[in-house]
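Encoded as structure tokens, the structure appears first; notes follow it.
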């Protein structure tokens, strides 16, 4: 919306009247960038997406050169598959708790780190961000060993006797714990950025009103940080719906099928069972799901990233 | 004043608990990487194994060509990071300061790629790479991922914040958009560059599935793949895995250290302010 | 820090690294072979190999070989090196990919990739995926059948793409040190599952309620997924129904066997799902006294856990009587040839296969590395091979081992999930088994697999339930 208005306002100044086409005009940044982008998009995005949609309607196995039209049979198989629904549920649980803890812990630490009371801010901030910048494959290995019921340090420190990754009650929580540990730093840093750019004068005004810290937080900080929260929730949602590396490394979907997530199921179907058609049908569903949830999130927050600029 | 000091100590101390939780896994990994296997798998004994050897580090080079994979990963991740930053900045400028028909539609499409699950495109892209004959080349790792929705978004936000007067002034001096971009806009975007550098480097450093599918030649393989393979083949060599993992983390930490200051500021721009 | 400078420094570092790595990748030394007459004898009885010729006209050539094993588990690798000595113009580039990754990567890579291997390790459970990419052996079928057992089970359209080098089956591996510590001797080696449970109890140790040594361990991959098949066969139940296309996992035998195994953990308390995630590791670390494992464990133990003093005894049975079958067997496959590779490479690969199958060294090495019975007839009565207790144990059972064919991998992965559901998730046995059966049927939809159980010589004795 705002972009349209801006364009209209400045419409008169942008294109100069030209008499003949100069090479410099043809190679202008706008022309080059837009052309390259469109070509690139067509090849590496539009075509694969089209191909995935088409593939979801076929019995597709590239290894045996099978590519036979089956209509909606793949979707029918996926939607009636109990494992698919279980994976959706697992993904929902995984995403919900990971996002919740990521936001809560991220915000709490960011508030503490930006308060004037804290010493050694820089080193603490650097430290909290360490897990986020550590490769996920590596982190998954380390935590797999930490969760080991025999020589892992978690059971040793807490005195618990839990076979974390092999117990259906604990496998998903274990993966969530590890994911939150890895990712909270990202939220912390985003919130710190958000908090530091909050307008000071508002706070001065409320402190004159005699509001206490909690009231200030509830009524001023939290609402003002809404764009940041929205950004964190949406980017987290998108990435957690696609999470599979930690599952692949730590549990292989087990025990039983208790940690199958939708993306792990797709990986399993595509690269272990070579049902590319079924895998494509699942990814099309996942794509739709991601789109719908993201839009809902924008709607629910009554906000629009476009306007937050 | 005194109360302030006490409160400060309390809050700082409070922060050390999560700090400890954050750092202990790293310490455990580091300590274990210096311990022999028998010490790591001991059923009785303390939380940390007793470090006593550097064999684990010596052995990783023998077990798989660690330095080679490390160098490969460094090369691919860095090149890709530089390219993605540049392309994102160009597109960020185009989408925020230049006007053309369909701009919003095109930008919406770029943004929508952020929502696109890897699973949707990976199979067709695999097919495409086979047809292009790009398997086993770094082209296949670098080219398909050059437009980053996140990067374009970040730069569009930050470049949008640069006032139009500066750009108009340069334009009146007869500067082309390319020149304005390189001489005015790019130098003003260092925070976004830093933020994107860290994320992009990390994402490419840890990317596993795509390089695994694309690269067959052991000499061209990347570290994240090597690490997973190492665990498959030498799954019982915990010490070696700890050592390899420790070394694998270092470059990302260095990149982070380099860009830390600008990074936070860059993120602040991206977070919608 | 200045962003520009950091970027510049990084780029420079990368350029240096790229240069350095670029220089170090020198291509294989090009030896030209001119001596056709190697002065070597012709190998083999029916399949023969005359080494005295040039391959690839003596011109240097590099061939890729992929395997999930290394020289200590894969006998082909030894043979590749022997072949390189005879034909110095040939260099093999050997790549090892871990088992789980191997099956993601290999089938996809064979096609349309100039760096794809021309030779690759085959497992018959992946038959359907690999077959379209394999070239048939250029060896007369009659000669092969004269030298090797079970060749007929691999014939498709009058040709074979691979055959069995050795016959592998499950046995019980036990830790001799722990065995002695528990006061057990060779006379205590159990022959029935009841005796087995008794021994296992003696081999289990607790430290204040917490298990510190497991008598028998089934946790992780490669245990129940193999064991269930043998146990069902012992009860006379087939893996597939009469048609040979529908899996028979959801059967009375499966449920009884799961109950029996669960009792071992929960009533006899000789093992626990909490006792680690990987029984092989636990056995190697000397924390588990007995595991059921197939021959490949031998190589694993030798490379990863050289200090373990272990023995092997035949898998017990439910009664003293001879069962329908003791276990299933599986042939370890000979390597496949990639039909998409260049003609030059394929020609050398064919020559290599002939070399490997004509001589005895390959099968002899395979017997040793995989603790499996030779598939080559000339070696089946070899005194040196029969001196190995496992071979001695398998030989009398050979007649009572059954092969269901190259069964799809879902027959292992789905029961494994059922096992986890019962043992870890305490799910009802019947429910877990039914779910696995449903999963197998879904996975096998569209598969053209037909069981080869009907080719078993005692097929008629099978229970029909």
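Residue numbers (the numbering used here), protein chains in the order written: chain A, 2 to 310; chain B, 34 to 306; chain C, 868 to 1332.
In this text, a Cβ means the ideal position worked out from N, Cα and C, and glycines have one as well.
| Check | Outcome |
| --- | --- |
| Contact list for residue 968(C) against chain B, beta-carbon separation under 8 Å | 245, 261, 262, 265 |
| Exposure label - residue 894(C); buried when at least 16 CB within 10 Å | For residue 894(C), the predicted model reports a pLDDT of 44, less than 50, meaning its position is unreliable; a value from the coordinates is still stated below. Exposed is the call here. |
| Contact set between residue 115(A) and chain B, taken where Cβ atoms lie within less than 8 Å | Within chain B, no residue comes near residue 115(A); the closest Cβ sits about 11 Å away, beyond 8 Å. |
| Strand pairing of residue 910(C), partner residues [DSSP] | 916(C) |
| Rounded straight-line distance, which links the Cα of residue 109(B) to that of residue 166(B) | 19 Å |
| C-alpha gap between residue 198(B) and residue 60(A), whole angstroms | 58 Å |
| Uninterrupted beta strand (DSSP E) stretches inside the segment 916-981 of chain C (no shorter than 3 residues) | 928-934, 957-963 |
| Residues that DSSP places opposite residue 986(C) in a beta bridge | 932(C), 1204(C) |
| The alpha helix (DSSP H) enclosing residue 278(A), as first and last residue numbers | 277-302 |
| CB contact check: residue 1282(C) to chain A, cutoff 8 Å | no |
| Contacts of residue 152(B) in chain A (Cβ-Cβ under 8 Å) | 243, 264, 267, 268, 271, 280, 283, 284, 287 |
| Helix, strand or coil at residue 245(B) according to DSSP, with G and I counted as helix | helix |
| Chain C contact residues for residue 168(B), given Cβ-Cβ distances below 9 Å | 976, 979, 980, 981, 982, 983 |
| Those runs of the alpha helix (DSSP H) which lie wholly inside the segment 96-135 of chain B and span at least 4 residues | 99-130 |
| Residues within the segment 985-1011 of chain C neighbouring chain A, beta-carbon criterion of under 7 Å | 996, 999 |
| contact_flag[the segment 135-151 of chain A, the segment 237-246 of chain B] where n(CB pairs < 8 Å) is 3 or more | yes |
| Proximal residues of chain C, C-beta to C-beta of residue 164(A) below 7 Å | 1140, 1141 |
| Closest Cα partner of residue 1204(C) within the set 1002(C), 1309(C), 1037(C), 1157(C) | 1002(C) |
| Residue-level contact to chain F via CB, residue 178(A), 8 Å cutoff | Absence of chain F from the displayed structure is noted, the protein chains being A, B and C. |
| Extent of the continuous alpha helix (DSSP H) run through residue 88(A) | 83-115 |
| Paired residues, beta bridge with residue 1181(C) - DSSP | 1038(C) |
| Three-state secondary structure assigned by DSSP to residue 194(A) | helix |
| Residue 237(A), DSSP secondary structure in three states | helix |
| Boundaries of the alpha helix (DSSP H) in which residue 147(A) is found, first to last residue | 137-147 |
| Rounded distance between the beta-carbons of residue 131(A) and residue 55(B), thought under 8 Å | 6 Å |
| Contact under 8 Å by Cβ, residue 256(A) with residue 1292(C) | yes |
| Any 3 or more C-beta pairs closer than 8 Å across the segment 1105-1125 of chain C and the segment 1134-1143 of chain C | no |
| Residue range of the beta strand (DSSP E) that includes residue 165(A) | Run containing residue 165(A): none; DSSP gives neither H nor E here. |
| C-beta contact flag for residue 31(A) and residue 218(B) at 8 Å | no |
| Element boundaries [beta strand (DSSP E), containing residue 1161(C)] | 1155-1161 |
| Helix, strand or coil at residue 5(A) according to DSSP, with G and I counted as helix | Annotation note: pLDDT 44 at residue 5(A) (below 50); position unreliable, coordinate value reported separately. DSSP places residue 5(A) in helix when its eight states are reduced to three. |
| Residue 1087(C) - DSSP class collapsed to helix/strand/coil | coil |
| 8 Å Cβ cutoff, residue 964(C) in contact with chain B | yes |
| Member of 974(C), 1232(C), 1319(C) whose CA lies at the smallest distance from the CA of residue 949(C) | 1232(C) |
| Residue 66(A) in three-state terms, based on DSSP | coil |
| Contact set for residue 1253(C): own chain, Cβ-Cβ below 6 Å, skip 5 residues either direction | 1259 |
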